[in-house]
Amino acid sequence: SHSDVFAAVDLGASSGRVVVGRVGTDELALTEVHRFPNRPLRLPSGLHWDIGGLYNGVLDGLRAAAAAGHAPRSVGVDSWAVDYGLLDASGALLGLPHHYRDSRTDHTAHAFVERVGAAELYARNGLQYLPFNTVFQLAAAGGTAQLRSARSLLLIPDLLGYWLTGERGTEVTNASTTGLLDVATRRWSAELAEAAGIDVSLLGELRSPGERIGTLLPGPAEHTGLDARTEVAAVASHDTASAVAAVPARTERFGYVSCGTWSLAGLELDAPVTTEAARAANFTNELGVEGTTRFLRNIMGLWLAQECLRDWGLDESAIPGLLNEAASAPAFAALIDAGDPRYLAPGGMPARIADHLRQTGQPVPGDRGGLLRCVLESLALAHRDALRRACTLADQDMEVVHLVGGGARNELLCQWTADALGLPVEAGPVEATAIGNLVVQARAALPGASHADLRRLVYAAERPRRYEPTGTAAWDAAAARMGLE
Ligand code: LFR
Numbered sequence: 002s003h004s005d006v007f008a009a010v011d012l013g014a015s016s017g018r019v020v021v022g023r024v025g026t027d028e029l030a031l032t033e034v035h036r037f038p039n040r041p042l043r044l045p046s047g048l049h050w051d052i053g054g055l056y057n058g059v060l061d062g063l064r065a066a067a068a069a070g071h072a073p074r075s076v077g078v079d080s081w082a083v084d085y086g087l088l089d090a091s092g093a094l095l096g097l098p099h100h101y102r103d104s105r106t107d108h109t110a111h112a113f114v115e116r117v118g119a120a121e122l123y124a125r126n127g128l129q130y131l132p133f134n135t136v137f138q139l140a141a142a143g144g145t146a147q148l149r150s151a152r153s154l155l156l157i158p159d160l161l162g163y164w165l166t167g168e169r170g171t172e173v174t175n176a177s178t179t180g181l182l183d184v185a186t187r188r189w190s191a192e193l194a195e196a197a198g199i200d201v202s203l204l205g206e207l208r209s210p211g212e213r214i215g216t217l218l219p220g221p222a223e224h225t226g227l228d229a230r231t232e233v234a235a236v237a238s239h240d241t242a243s244a245v246a247a248v249p250a251r252t253e254r255f256g257y258v259s260c261g262t263w264s265l266a267g268l269e270l271d272a273p274v275t276t277e278a279a280r281a282a283n284f285t286n287e288l289g290v291e292g293t294t295r296f297l298r299n300i301m302g303l304w305l306a307q308e309c310l311r312d313w314g315l316d317e318s319a320i321p322g323l324l325n326e327a328a329s330a331p332a333f334a335a336l337i338d339a340g341d342p343r344y345l346a347p348g349g350m351p352a353r354i355a356d357h358l359r360q361t362g363q364p365v366p367g368d369r370g371g372l373l374r375c376v377l378e379s380l381a382l383a384h385r386d387a388l389r390r391a392c393t394l395a396d397q398d399m400e401v402v403h404l405v406g407g408g409a410r411n412e413l414l415c416q417w418t419a420d421a422l423g424l425p426v427e428a429g430p431v432e433a434t435a436i437g438n439l440v441v442q443a444r445a446a447l448p449g450a451s452h453a454d455l456r457r458l459v460y461a462a463e464r465p466r467r468y469e470p471t472g473t474a475a476w477d478a479a480a481a482r483m484g485l486e
């Protein structure tokens, strides 16, 4: 038996981490060597990512790995999707990347869809409508000095990969979230680029998960203390693609919810589904590892709860107490549509939820536990709706749901998702994204290992916790009340 060490850089909306993993034929052992906050910048020009701070966090994490004696064979970077930096002809970054929750696409995204036609757009890119898709961000940036001077566009993980290695390119799972990739050919679409008002040459050469990007530049090698021959590898650089790659499924008939700041709920398919019904239900066809399609829908996720906590001035230590209060609050007293883009922007979340409840003639919970219960029940209902619709649209069935990511720690959400669906939920791993990042790197070093083998490896190392459904009747009634499946 053979094993190797790899490093995963996993950037999330509120924190980044560097995880070292030893992966072998029957071994998967993780060590988190560094975790750092990701604090967005609110500036007069809008909401941005502190990309310099993130890059320093990456370097610090790799240095921590080297200092602890790890010598990773390669490093892989994943992050959230759609956001990008623009480079000028010399390779210099033109301004801070915008945050996908920035409001500048609020009006332009719809206008773009009207101009191109929703059906035409879906037939071309197969993506659900989300106002922040890269294609809409670029349309909103039309006429800016930055876009005029730009000679290349790099998605966040590819930008960091460029700083680490000097090599440019675009990893394809993340490219599939831009709205600029042709869903049929899986190449950049010149028509979509033109519609967005950019030259297709701005978009980098595509690379696949598992491909080599390059070796560390002298600067990063020196700063981190890693060997200059350390490779940077393309992984499934869209965090959700990495998370789905790590789903510890033992059957092909599974649904998944990658549950953290967002809940991404859907199926892994061999081919995209771009029917009119799929478009009307706002399902997306993003790319996964091994040429698979991630047929899923975005649901607001734990963002709803995180933003309530922030508004109340509470930190993570308040969560267990609040969850206890939620567990004893009245059931199904108030429900919201957890897929509604009205919850996209930061700020004032409890008041926005209360407004929504009043508008729909529902009582507003009188305490925090009640509001949290409203959020979690609404999320469980949204998971049910998305997964049931995905099965209908793709003509598949499902016998188990894998819930991975930070949400797997939330016992109420896992149990309620099982109850709502009337299916067992297997919860975990919490660090699915980092694990997916690592196993994709390891794949090259484990000849003959199939994707199913890697999933079994994850299952053995991080045995999920199983939640059996305890009765769906009340959930059927709640779903009917909300007009959901
Ligand atoms: C999850 C995620 C989602 C994507 C959203 C914005 O972290 O990557 O898949 O829709 O963030 O990029």
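Per UniProt numbering: the sequence shown = residues 2 to 486.
Glycine included, C-beta positions come from ideal geometry on N, C-alpha and C.
Which residues bound the beta strand (DSSP E) around Y123?
-> Careful: Y123 lies outside any beta strand (DSSP E), inside the alpha helix (DSSP H) at A119 to N126.
For the alpha helix (DSSP H) that contains A45, what are its first and last residues?
-> Residue identity differs from the one stated: residue 45 is Pro in this sequence, not Ala. P45 -> no alpha helix (DSSP H), and no H or E assigned at all.
Could you tell me the distance, in whole angstroms, from the CA atom of D398 to the CA atom of H452?
-> 21 Å
Count the other CB atoms, across all protein chains shown, that sit within 10 Å of the CB of E206; report buried if there are 16 or more and exposed otherwise.
-> It counts as exposed.
4 or more residues per run - each alpha helix (DSSP H) lying fully within the segment 229–316 = 240–246, 277–281 and 304–312
Cα separation between F113 and C260?
-> 30 Å
L268: which of P331, R251, A395 and R188 sits nearest, CA to CA?
-> Minimum Cα distance to L268 is reached at A395.
Touching or not, the segment 3–10 and the segment 437–444, by the rule of three or more beta carbon pairs under 8 Å?
-> Yes, since at least three Cβ pairs between the segment 3–10 and the segment 437–444 fall closer than 8 Å, the two stretches touch.
Looking at C-beta atoms only, is the number of pairs between the segment 234–252 and the segment 307–315 that lie closer than 8 Å three or more?
-> no
Stretch pair the segment 95–102 + the segment 50–57: three plus CB contacts closer than 8 Å = yes
Cβ pair count under 8 Å reaching 3, the segment 36–51 against the segment 126–137 | no
Hey, would you say the C-beta of W263 is under 7 Å away from at least one heavy atom of the ligand LFR?
-> yes
Got a sec: does the ligand LFR put a non-hydrogen atom nearer than 7 Å to the Cβ of A14?
-> yes
Along the chain, where does the alpha helix (DSSP H) that runs through Y344 open and close?
-> Unbroken run through Y344: none, as it is neither H nor E.
Would you identify the three-state DSSP class for F113, choosing helix, strand or coil?
-> DSSP, reduced to helix, strand and coil, places F113 within a helical segment of the structure shown.
Would you call the segment 429–438 and the segment 55–70 touching, i.e. three or more CB-CB distances under 8 Å?
-> no
Compute the beta-carbon to beta-carbon distance between S264 and G118, rounded to the nearest angstrom, for a pair I have assumed lies under 8 Å.
-> Contact between S264 and G118 is absent: CB atoms are separated by about 29 Å, not below the 8 Å threshold.
By Cβ distance, which residues of its chain are closer than 8 Å to G349, with the 5 residues on each side in sequence left out?
-> D312
Is H239 near the ligand ADP, going by C-beta to nearest heavy atom under 7 Å?
-> The model depicted lacks the ligand ADP and carries the ligand LFR instead.
Assign residue 490 to buried or exposed, taking buried as 16 or more other Cβ atoms, counted over all protein chains shown, within 10 Å of its Cβ.
-> Past the boundaries of the shown model lies residue 490; the chain is included only from 2 to 486, so the question cannot be answered.
Residue from E400, I157, G472 and G406 with nearest C-alpha to T179 | I157
Distance, Cα to Cα, L12 vs P41?
-> 13 Å
Tell me, which residues are paired with W81 by DSSP?
-> Paired residues: none, contrary to the question.
Would you tell me roughly how many angstroms separate the C-alpha atoms of L380 and E326, rounded to the nearest one?
-> Whole-angstrom Cα-Cα distance: 17 Å.
Which value, in whole angstroms, describes the spacing of the CA atoms of G371 and Y101?
-> 30 Å
Would you kindly work out how many angstroms separate the C-alpha atoms of A266 and E253, rounded to a whole number?
-> 16 Å
Per DSSP, cross-strand counterpart(s) of V10 = V19 and V78
Contacting residues, own chain, Cβ-Cβ under 8 Å from W189 (five flanking each side not counted) = A176, L181, L182, D183, V201, L204 and L207
At which residue ranges does the segment 182–216 contain complete alpha helix (DSSP H) runs of 4 or more residues, listed in the order of the chain?
-> 191–197
Among residues of its own chain, excluding the 5 on either side of E378, which ones have a beta-carbon nearer than 8 Å to its beta-carbon?
-> A332, F333, L336, W417 and A479
Comparing the CB of Y460 with every heavy atom of the ligand LFR, is any distance shorter than 7 Å?
-> no
Verify the contact flag: Y468, CB atom, against every heavy atom of the ligand LFR, threshold strictly below 7 Å.
-> no
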